[in-house]
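Shown next, in structure tokens, is the structure this report addresses.
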Amino acid sequence: MTVPEQDAAVSAPQVVSSFLEQRKEQIAQRWADTPLFRSVFTVSRDEAVEACKAVVEALSEVAVSGRLEDVGSPGFAPVRDQLGRMTQTRARTGSTASQIADEVAGLRVPVMDLLREEFADATTPRAQEAALALTLLLGTLRLVVMETALDANAELIERQRQQLLEVATPVIKLWEGTVAVPLIGTLDSARSQVVMESLLEAIVDQRARYAILDITGVPTVDSLVAQHLMKTVAAARLMGAECIVSGIRPAIAQTIVQLGIDLGSVLTRSSLADALAYALGKQGIEVSRAHANERVR
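Numbering (this note's numbering), first residue to last: 18 to 314.
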């Protein structure tokens, strides 16, 4: 039965919902060959078809509710779940949200072609209303996918940022019972938190009694950086380790004094070597320098 033969009281969104349900298999078969699904389901086309069916069913549910332009419609929940996994996969391969949105736009032509077949005359007001309703629905689908893709990209960026922070703050075992964190670059709240967590974990894992924070590679020290250092030192003490700050250059020392920052309770050394020598000495290990005139044998 074609659409014109149906009850004229049936709304355009209901017509679209009925159409999607009845043509689900055909739509899924055509969508499975589009770049959006083909690029993700590279092994099994059957999986792509099943994924397409899930999206079509969700769109049918949205259409019957009449909320064609509402991205928050409950009917879009399965779409967010299905396409969310797909967009995360695409994001990991370097696809942008706009690229994925363009691929979603490519779903319109196959389904519109099938919708026109439902009408004896695609130029009638009834047919045009249904086409408009379907266009609105697919436009909202595109917005949902873009929103999901942006969220996926944001999550990926956050994971990468966290990984970079962890890589940029390595904890090194210098000696039995002694660990060090060589800091390079600017310290901010997020990185300082990673420094503290990494150091405390290393203190527990290595059973370290001495922890060295080397700031030779830190370009500037302000009140915020000093506050982070004080918190890290205090946390290390609570874990039973003595914390030593090394690498305070003359310019940084002057800045600390000018800012009126009190580091009196913090044990400091001018270099990482001096800090290590101190830690070893406290453990009863004597460190001596070779004589300059000593011959190498």
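Beta carbons: idealized from backbone N, C-alpha and C, even for Gly.
Item to check | Beta-carbon gap between Val88 and Val72 smaller than 8 Å | outcome: Counting from one through the sequence shown, the residue named residue 88 turns up at place 71. Counting from one through the sequence shown, the residue named residue 72 turns up at place 55. No, the pair does not count as a contact, with Cβ atoms beyond the cut-off.
Item to check | Close beta carbons around Ser288, own chain, < 7 Å, minus the five adjacent residues each side | outcome: Against the sequence shown, residue 288 aligns to sequence position 271. Ser263 and Gly264.
Checklist entry - Applying the criterion that 16 or more other CB atoms from any shown protein chain within 10 Å of the CB defines a buried residue, is Leu241 buried or exposed? => result To locate residue 241, count along the sequence shown from 1; it is residue 224. So Leu241 ends up on the exposed side.
Checklist entry - In angstroms, rounded to a whole number, what distance separates the CA positions of Val196 and Asp205? => result Position 179 of the sequence shown holds residue 196. Position 188 of the sequence shown holds residue 205. About 22 Å.
Item to check | Run of the beta strand (DSSP E) containing Gly298, from where it starts to where it stops | outcome: Mapped onto the sequence shown, residue 298 falls at position 281. Per DSSP, Gly298 lies in no beta strand (DSSP E) segment; the continuous alpha helix (DSSP H) that holds it begins and ends at Leu289 to Lys299.
Checklist entry - Which class does Pro21 belong to by DSSP, given the choice of helix, strand or coil? => result As a working mapping, residue 21 is identified with position 4 in the sequence shown. Here the model assigns Pro21 a pLDDT of 44, short of 50, so the residue's position is not dependable, and the following value carries that caveat. Residue state, collapsed to three classes: helix.
Checklist entry - Buried or exposed: where does Pro187 fall if 16 or more other Cβ atoms within 10 Å of its Cβ makes it buried? => result Taking the first residue of the sequence shown as 1, we reach residue 187 at position 170. So Pro187 ends up on the exposed side.
Checklist entry - Relative to the alpha-carbon of Met213, which residue among Val235, Thr237 and Cys260 has its alpha-carbon at the smallest distance? => result Mapped onto the sequence shown, residue 213 falls at position 196. Distances from the CA of Met213 to each of Val235, Thr237 and Cys260 were compared; the closest alpha carbon is that of Cys260.
Next on the checklist: Using DSSP's beta-bridge definition, name the partner residues of Met262.
Outcome noted: By one-based count along the sequence shown, residue 262 stands at place 245. Strictly speaking, residue 262 in this sequence is Val, with Met absent from that position. DSSP, once it has assigned bridges, lists Leu230 and Thr285 as partnering Val262.
Item to check | Nearest-angstrom Cα separation, counted from Gly92 out to Arg143 | outcome: On the sequence shown, residue 143 is found 126 positions in, with the first residue counted as 1. On the sequence shown, residue 92 is found 75 positions in, with the first residue counted as 1. For the pair Arg143 and Gly92, the Cα-to-Cα distance works out to about 25 Å.
Checklist entry - Exposed or buried, Thr157, counting other C-beta atoms within 10 Å across all chains shown (16 or more means buried)? => result The residue given as residue 157 occupies position 140 in the sequence shown. Buried: at least 16 other Cβ atoms inside 10 Å.
Item to check | For Ile302, the three-state DSSP class (helix, strand or coil) | outcome: Locating residue 302 in the sequence shown gives position 285, where the first residue counts as 1. In the structure shown, Ile302 sits in coil (DSSP, three-state: anything other than H, G, I, E or B).
Next on the checklist: Between Trp48, Val57, Ser56 and Ala147, which has its C-alpha nearest Ser28's C-alpha?
Outcome noted: On the sequence shown, position 11 is the one that residue 28 refers to. Ranking the options by Cα distance to Ser28, first place goes to Ala147.
Item to check | CA-to-CA distance, Glu175 to Thr272, given in whole angstroms | outcome: Taking the sequence shown and counting its residues from 1, the one referred to as residue 272 is at position 255. Taking the sequence shown and counting its residues from 1, the one referred to as residue 175 is at position 158. Answer to the nearest angstrom: the Cα atoms are 33 Å apart.
Next on the checklist: Using 8 Å for Cβ pairs, my map puts Pro199 next to Gly234. What's the rounded Cβ distance?
Outcome noted: If you number the sequence shown from 1, residue 199 lands on position 182. If you number the sequence shown from 1, residue 234 lands on position 217. With 8 Å as the limit, Pro199 and Gly234 qualify as a contact, their Cβ atoms being about 7 Å apart.
Next on the checklist: Please report the straight-line C-alpha distance between Ile229 and Val211, rounded to a whole angstrom.
Outcome noted: Here residue 229 is taken as the residue at index 212 of the sequence shown, counted from 1. Here residue 211 is taken as the residue at index 194 of the sequence shown, counted from 1. Each residue's Cα considered, the two are about 15 Å apart.
Checklist entry - By how many angstroms is the C-alpha of Ser77 removed from the C-alpha of Ser35? => result Along the sequence shown, read from residue 1 onward, the residue named residue 35 stands at position 18. Along the sequence shown, read from residue 1 onward, the residue named residue 77 stands at position 60. So the alpha carbons of these two residues sit roughly 7 Å apart.
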